[in-house]
Structures are given as C-alpha cells and as structure tokens.
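Step one of this worksheet: look at the structure below.
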Amino acid sequence: MEKHANDPLHGVTLKMMLTELVDHYGWVELGKRIDIRCFTHDPSMGSSLTFLRKTPWARDKVDELYLRWKLDES
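Residue numbers (our numbering): 413 to 486.
Right under this line is the structure:
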C-alpha cells in the first residue's frame, strides 16, 4: 500500500493521461513537445494509444510530460 502512495501515476491510465494532455496542449503542441509520429502525422487517440502501449521509450516521454505538467499545475 505504501508503495502506491509514493507513485504519482498510481491509478492514472494511459488513456486518461493522453486525453488530459490532448485537452490541455492539443495535438499540434503535443507533437512539438514529444516529437513522435503518432502525434505529428494524422494523430488520433486510438493509434496513439496503440503505439504508446507497444513502445516503452515513447510511453516514458508521455509519463514524464504528464508529471511535469501536473507538478507545475500544483
């Protein structure tokens, strides 16, 4: 239980993260901040989620941006 208390992403799904990031930044700005094709060329939630679930380095970048944004928001 204590392990989860220290994890700021506990309970946050990839879909929730990506939805919030797209709502906040939009696809164009998200593609500028994280330069990956699923954000810069004909982006969609479905294709982006599929890519991010299969690509750990890209998922790490999304996690990092989400955490930075949330910490700045606090």
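From the three backbone atoms N, C-alpha and C, an ideal C-beta is built for every residue, glycine too.
Straight across, the Cα-Cα distance linking THR452 with ALA470 is about 13 Å.
Under a 10 Å Cβ-count criterion, LEU464 is classified as buried, with 16 or more other Cβ atoms of the shown protein chains found around its own Cβ. Counting of Cβ neighbours within 10 angstroms places MET428 among the exposed residues, the total staying below 16. As the crow flies, the alpha-carbon of LEU461 is around 13 Å from that of ASP472. The Cβ atoms of PRO455 and TRP481 lie no closer than 7 Å to each other. In the structure shown, the three-state DSSP call for PRO420 is coil.
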